[in-house]
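Numbering (full-length UniProt numbering), first residue to last: 4 to 533.
See below for the structure under consideration.
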Ligand code: HEM
């Protein structure tokens with residue numbers, strides 16, 4: 004039977020059938036300049052069978068724009084999925100922090116969250132074994148505050164200078180361009196087995212945490228130690244935690260393989276469907292608070308991002324909830340163009356000297372200037388603050404707003420309103436005046452040296468079933484490593500984590516004799532927690 008044609012259809016010169024806008028309900032298609040378009044199906048030609056004409060401005064504009072649709076994907080965390088929501092303060096933190104967001108119980112702060120995998124390209128699969136990004140942008144009344152975290156509380160390296168090497172090793176190998184999104188290859192295991200500091204994080208990456216069932220069932224961690232600053236200017240150290248009210252769930256490896264085959268978009272579809280069904284995912288924001296005295300007693304350096312602060316030692320104080328209740332209108336405009344940055348902080352929050360954090364503070368702004376085409380990406384709505392903002396920054400590619408009037412500098416002697424904004428010593432951001440001393444050096448403090456104790460603690464905190472999953476993951480991933488010496492080197496680290504784990508992995512790999520345990524810079528502690 005005949006295919007029904009929509010009303011107001013017409014047949015173009017090419018014989019196709021389509022709707023036109025000759026109707027009050029249908030907007031007229033225009034060029035980017037707003038010129039109404041009469042024919043979007045056929046190029047302008049010299050004669051019905053003749054060559055296309057350069058004069059066809061509509062054709063040229065349409066193709067030109069299409070040719071420029073792609074921007075570089077993120078150098079890491081390329082594959083992600085975002086949603087809008089809000090943060091609601093449920094318990095005041097005003098005793099330790101003067102940030103507005105932590106002062107008024109019941110206040111809701113708009114939020115945008117992007118979850119991601121780390122290693123895979125933008126078009127890779129969701130349910131791979133990988134760390135997940137958990138990046139939160141909080142549009143506070145004092146400016147945007149980003150907590151750019153992961154679903155694992157520690158990291159692979161201690162110093163940002165190693166990040167390019169780590170990421171090169173983790174992503175596809177440069178000659179063959181595979182594997183796309185897996186840790187199962189020589190370069191990854193070569194690097195981590197030569198970096199004892201990675202052992203703790205590798206154990207987390209081989210645990211069930213690295214194959215979450217969905218974004219909704221993951222924890223989030225700010226990872227680094229930050230500072231909260233109170234109204235008197237006093238500092239308290241803080242670790243940030245997001246605790247899912249849905250609980251924590253993972254899949255097992257053979258499920259992950261099947262899901263990836265059947266639906267590579269499993270995690271993004273899950274979030275989209277849950278939010279559209281009104282089943283809004285929620286997380287509690289928890290903080291671990293501690294002072295210099297605790298930091299000095301703690302056997303590890305609190306500035307070392309390969310270490311966590313056990314919750315038994317410093318219990319988590321829950322202060323608010325994050326609710327995701329709205330999907331994006333447009334993936335590219337929001338999820339792809341959002342730019343999280345660890346240096347986006349507000350009065351009441353401050354950095355520490357964690358050498359990973361300090362390097363991140365440089366890296367994000369730098370990469371986003373390239374990825375988003377220049378210095379004005381804060382003019383993109385998803386990145387713009389929702390509070391008033393005024394400054395004298397001007398011009399550059401894609402400037403959407405510039406200072407108004409004559410004054411574009413300060414101090415100036417123009418009367419208001421022409422004079423424009425001024426600094427405010429009372430409400431403006433002030434850095435915590437930490438005392439510093441010491442010689443300029445690349446040497447790390449010795450407190451960064453114990454690479455195995457917390458890895459061991461993590462392993463023994465797992466249930467027997469989870470320990471088996473970890474062992475199986477090590478065997479599976481290392482069995483893809485072609486170079487025997489790399490497998491053996493990794494076993495030398497696992498002996499410092501747990502002898503049975505090392506033995507089990509060696510058996511799985513068919514290696515009869517265990518190598519000597521790797522010699523760490525510091526002996527392994529067995530007396531944790533202190
Ligand atoms: C992207 C987390 C370490 C450089 C991201 C994203 C997250 C994240 C969640 C994705 C943000 C989004 O969804 O758009 C972390 C965590 C780290 C860490 C938790 C360690 C604790 C580092 C280090 C560097 C770095 C050490 C560099 C020195 C980058 C870059 C991007 C990125 C360049 C891409 C940003 C963009 O294009 O917008 N990171 N990261 N990260 N990270 Fe990290």
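All C-beta atoms in this analysis are idealised placements derived from N, C-alpha and C, irrespective of residue type, glycine included.
Keep in mind it's a predicted model, so treat the numbers as computed, not measured.
Where the beta strand (DSSP E) containing residue i begins and where it ends
i, result
"residue 454", "Per DSSP, residue 454 belongs to no beta strand (DSSP E) and is neither H nor E."
"residue 86", "83-92"
"residue 238", "238-247"
"residue 151", "146-153"
"residue 229", "229-232"
Residue i vs residue j beta-carbon contact at 8 Å
i, j, result
"residue 604", "residue 340", "The chain is shown only over 4 to 533; residue 604 falls outside these bounds and no answer can be derived."
"residue 224", "residue 323", "no"
"residue 360", "residue 345", "yes"
"residue 122", "residue 129", "no"
"residue 170", "residue 79", "yes"
"residue 207", "residue 131", "no"
"residue 423", "residue 406", "yes"
"residue 241", "residue 231", "yes"
"residue 325", "residue 275", "no"
"residue 74", "residue 374", "yes"
"residue 385", "residue 330", "no"
"residue 356", "residue 306", "yes"
"residue 457", "residue 308", "no"
"residue 297", "residue 450", "no"
"residue 159", "residue 116", "no"
"residue 247", "residue 221", "yes"
"residue 245", "residue 197", "no"
"residue 35", "residue 29", "no"
"residue 76", "residue 125", "yes"
"residue 88", "residue 327", "yes"
"residue 1", "residue 59", "Because the chain here runs from 4 to 533, residue 1 falls outside it and cannot be looked at."
Under the three-state DSSP convention, the category residue i falls into
i, result
"residue 281", "coil"
"residue 112", "strand"
"residue 141", "strand"
"residue 464", "coil"
"residue 327", "strand"
"residue 256", "helix"
"residue 521", "coil"
"residue 361", "helix"
"residue 273", "helix"
"residue 307", "coil"
"residue 353", "strand"
"residue 223", "strand"
"residue 286", "strand"
"residue 503", "helix"
"residue 478", "helix"
"residue 368", "helix"
"residue 96", "coil"
"residue 136", "strand"
"residue 157", "coil"
"residue 199", "helix"
"residue 25", "coil"
"residue 395", "coil"
"residue 120", "strand"
"residue 55", "strand"
"residue 508", "helix"
"residue 374", "helix"
"residue 470", "helix"
"residue 2", "There is no way to answer for residue 2, as the model of the chain reaches only from 4 to 533."
"residue 33", "strand"
"residue 321", "strand"
Terminal residues of the alpha helix (DSSP H) in which residue i lies
i, result
"residue 66", "60-70"
"residue 297", "295-300"
"residue 487", "487-500"
"residue 202", "202-208"
"residue 193", "189-196"
"residue 218", "Looking at the DSSP string, residue 218 is not in any alpha helix (DSSP H), and its letter there is neither H nor E."
"residue 173", "166-173"
Whole-Å CB distance - residue i paired with residue j, under 8 Å assumed
i, j, result
"residue 337", "residue 85", "6 Å"
"residue 455", "residue 473", "That pair is no contact at about 15 Å."
"residue 363", "residue 163", "6 Å"
"residue 494", "residue 518", "6 Å"
"residue 102", "residue 350", "6 Å"
"residue 477", "residue 508", "4 Å"
C-beta neighbour in chain D for residue i, strict 8 Å
i, result
"residue 432", "Going by chain labels, chain D is absent from the structure shown, which holds only one protein chain."
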